[in-house]
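As structure tokens, the structure follows; a few thoughts come after it.
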Amino acid sequence: MIRNLSFVIAAIVALAAYTSAFTVHQTQQVLIFQVGKFDRAITEPGLYFKIPFYEDTRFIDKRLLSLDSPVQEVITANQKRLVVDAFARYRIVDPLKFVQSAGGSIANANARLATVLNSSV
42 MIRNLSFVIA AIVALAAYTS AFTVHQTQQV LIFQVGKFDR AITEPGLYFK
92 IPFYEDTRFI DKRLLSLDSP VQEVITANQK RLVVDAFARY RIVDPLKFVQ
142 SAGGSIANAN ARLATVLNSS V
């Protein structure tokens, strides 16, 4: 009986250790939320710990991201046709602003950037 109890306790401790540790890679930055509210941002790589079930992590890409606009045909003022292929390259510098404005989704950010990029062409 005691052996089974010690096994259950060891399993609970191992599960708590597994859910509390996380690794931040060089290409990532992490936002820590405590009960849904922003607490801190981690931008340096390494092994970090959080309080399980109380703190939540959100990983954001730190690399240079690119957006490629589809090819468009534009007519100039002197009635000449141009084929324009536009692209944008960006990096997420402030992860909290990124989550607040784009919902933390690269797809949402790309959609917003695509409208700006296409309107400027």
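Residue numbers (this note's numbering): 42 to 162.
All residues carry an ideal CB built from backbone N, CA and C; glycine is no exception.
CB-CB under 8 Å to Y89, same chain, minus the five flanking residues each way: which ones, in chain order? Taking C-beta separations shorter than 8 Å and ignoring five residues to either side along the sequence, the partners of Y89 in its chain run A62, F63, T64, V65, V71 and I83, following chain order.
Are the Cβ atoms of R104 and G145 separated by less than 8 Å? With contacts defined by Cβ atoms closer than 8 Å, R104 and G145 do not form a contacting pair.
For D97, collect the residues of the same chain with a Cβ closer than 7 Å to its Cβ; drop the 5 residues on either side in sequence, then sort them by chain order. So the qualifying residues of the chain are F74.
Do Q69 and I101 have their C-beta atoms closer together than 8 Å? Yes, Cβ-Cβ distance for Q69 and I101 is below 8 Å.
Spatial neighbours of K91 within its chain, please: C-beta separation below 7 Å, excluding the five flanking residues on both sides. Within the same chain, K91 has close Cβ partners S61, F63, I73 and T98.
Considering just the uninterrupted stretch of the alpha helix (DSSP H) at F63, what are its terminal residues? Careful: F63 lies outside any alpha helix (DSSP H), inside the beta strand (DSSP E) at A62 to V65.
Can you name the start and end residues of the beta strand (DSSP E) that Q75 belongs to? Q75 -> beta strand (DSSP E) spans Q69 to Q75.
If you reduce the DSSP assignment to three classes, tell me which class A152 lands in. Reduced to three states, the DSSP call for A152 is helix.
Let's test the definition: count the other Cβ atoms within 10 Å of the Cβ of I53 and tell me whether it reaches 16, buried, or not, exposed. Looking at its Cβ environment, which holds fewer than 16 other Cβ atoms inside 10 Å, I53 is exposed.
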